[in-house]
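Reviewing the structure listed below.
Numbering (my numbering), first residue to last: 2 to 404.
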């Protein structure tokens, strides 16, 4: 076999896999930054690559600002627009209406951005990811003969006829005000990611919902409602929570208890980051009601309570376990309780008959060096062939929802 095998020399089936992996990697979101449209450069390598990859690469588009939105409207053909299944968009959110609220009250709101025209052309769209608008349209308030308002979903669907989305994900700044499901239909959504100062109806029926992420939420909706009250009818397979902001919504015992009662029997992945209002007793009780849990990640700030050893409540189905314990700066270290967690982790998880796949721990250094604990755990990982990491790990679980 020649040692100068080119990309086009490998089997076509493998090239298709490469195109899929390339697109998946390009779509990855880091730190709420919207991906670019550079993925289409792949199509300009040569005609053969274009013919093979266009049906894969063409499923995705990213519209970061108004120039890109207008270029898409002008130059994308009907077939190209209809091919798109996943779109990343920057939503300006501003709409204009009549200056006098008592006159022409039924006059429709008009979005300042042309994003709604671009979305209307994407007839096959099922996954919509909305990002913070960084390059809004400049306007002269004194010259515009209308009232301006922020209507997040009306700016994307002013006619009131949205796509039947299966994935609806928001990557917004914590201070951005969002009212969900004013237009978008919740009953078809399987994947939901909520950020920002969000406001929801008192109760939303979401029978198809399987994956939910709450991150950096500064609104008070979830402070006033439990998961069961907010999202009725859902059968969650994964739940991810992250504080994300110093004034953000803090998950409490009643929220976790509600989650366990609604989705505990089906939940396979539970991620809780930046928690300081959860007690170890409630964590343990909820884990006992999650018999199918495979992935559990907990970042817990302890104040004065770590009495219940929740590691002993892990179901035998756990294959990925991540734990980070931090003392509040004003709290007394709970060394004895933390040592009990370490001992239980070694006995219950690291030495169990079927080894886990991945374990991440970020614990007190004095406990890790105590009795050569860290070296012993590393030896167990080598001998039993599972991945073991020490140190910070939180960022790995924040942009990890299926699309």
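All C-beta atoms in this analysis are idealised placements derived from N, C-alpha and C, irrespective of residue type, glycine included.
- Judged by their CB atoms, residue 180 and residue 212 are not nearer to each other than the 7 Å cut-off.
- In this chain, the alpha helix (DSSP H) harbouring residue 225 covers 222 to 225.
- With contacts defined by Cβ atoms closer than 7 Å, residue 398 and residue 272 form a contacting pair.
- Under the 8 Å Cβ criterion, the region 55 to 62 counts as touching the region 70 to 89, having at least three qualifying pairs.
- A buried status is given to residue 231, since no fewer than 16 other beta-carbon atoms sit within 10 Å of its beta-carbon.
- Under the DSSP assignment, residue 217 falls in the beta strand (DSSP E) whose first and last residues are 212 to 218.
- Listed in chain order, the non-local C-beta contacts of residue 369 below 6 Å within the same chain comprise 375, local neighbours out to five positions each way being set aside.
- Under the three-state reduction of DSSP output, residue 97 falls in the strand class.
- For residue 240, the closest C-alpha among the options 228, 330, 285, 56 is that of 228.
- Taking residue 72 as the centre and dropping the five residues before and after it, the same chain places no C-beta closer than 7 Å to its C-beta.
- By the neighbour-count criterion, in which a residue is buried when 16 or more other Cβ atoms sit within 10 angstroms of its Cβ, residue 78 is exposed.
- A residue is called buried when at least 16 other Cβ atoms come within 10 angstroms of its Cβ; residue 95 meets this threshold and is buried.
- DSSP, read as helix, strand or coil, puts residue 130 in strand.
- One thing to note: residue 175 has its Cβ within 7 Å of the Cβ of residue 246.
- For residue 184, the secondary structure class from DSSP, reduced to helix, strand or coil, is coil.
- A straight-line Cα-Cα distance of about 26 Å links residue 387 and residue 267.
- Distances from the alpha-carbon of residue 223 to those of 254, 13, 372 put 254 closest.
- Under the DSSP assignment, residue 398 falls outside any alpha helix (DSSP H); it carries neither an H nor an E label.
- Nearest C-alpha to residue 98 among 152, 118, 133: 152.
- Partner residues in a beta bridge of residue 155, as assigned by DSSP, do not exist.
- Shortest Cα-Cα distance from residue 164 to any of 127, 135, 154 involves 127.
- Under the three-state reduction of DSSP output, residue 257 falls in the helix class.
- Residue 355 carries a coil assignment under DSSP once its states are collapsed to helix, strand and coil.
- Rounded to the nearest whole angstrom, the C-alpha separation of residue 197 and residue 177 is 5 Å.
- Residue pairing of residue 296 in beta bridges, as defined by DSSP: 270, 321.
- Distance from the CA of residue 125 to the CA of residue 110, rounded to the nearest whole angstrom, comes to 25 Å.
- Counted as a single uninterrupted DSSP element, the alpha helix (DSSP H) harbouring residue 22 occupies residues 13 to 27.
- Taking C-alpha positions only, residue 269 is separated from residue 291 by approximately 8 Å.
- Residue 172 holds the alpha-carbon nearest to the alpha-carbon of residue 32 among 172, 278, 185, 282.
- Here the alpha carbon of residue 67 sits roughly 54 Å from the alpha carbon of residue 313.
- In the DSSP assignment, residue 384 falls within the alpha helix (DSSP H) that extends over 374 to 385.
- Going by C-alpha positions, residue 115 is about 19 Å away from residue 183.
- Annotation for residue 81: the continuous alpha helix (DSSP H) segment containing it runs 79 to 83.
- Annotation: residue 55 to residue 360 spans about 39 Å, alpha carbon to alpha carbon.
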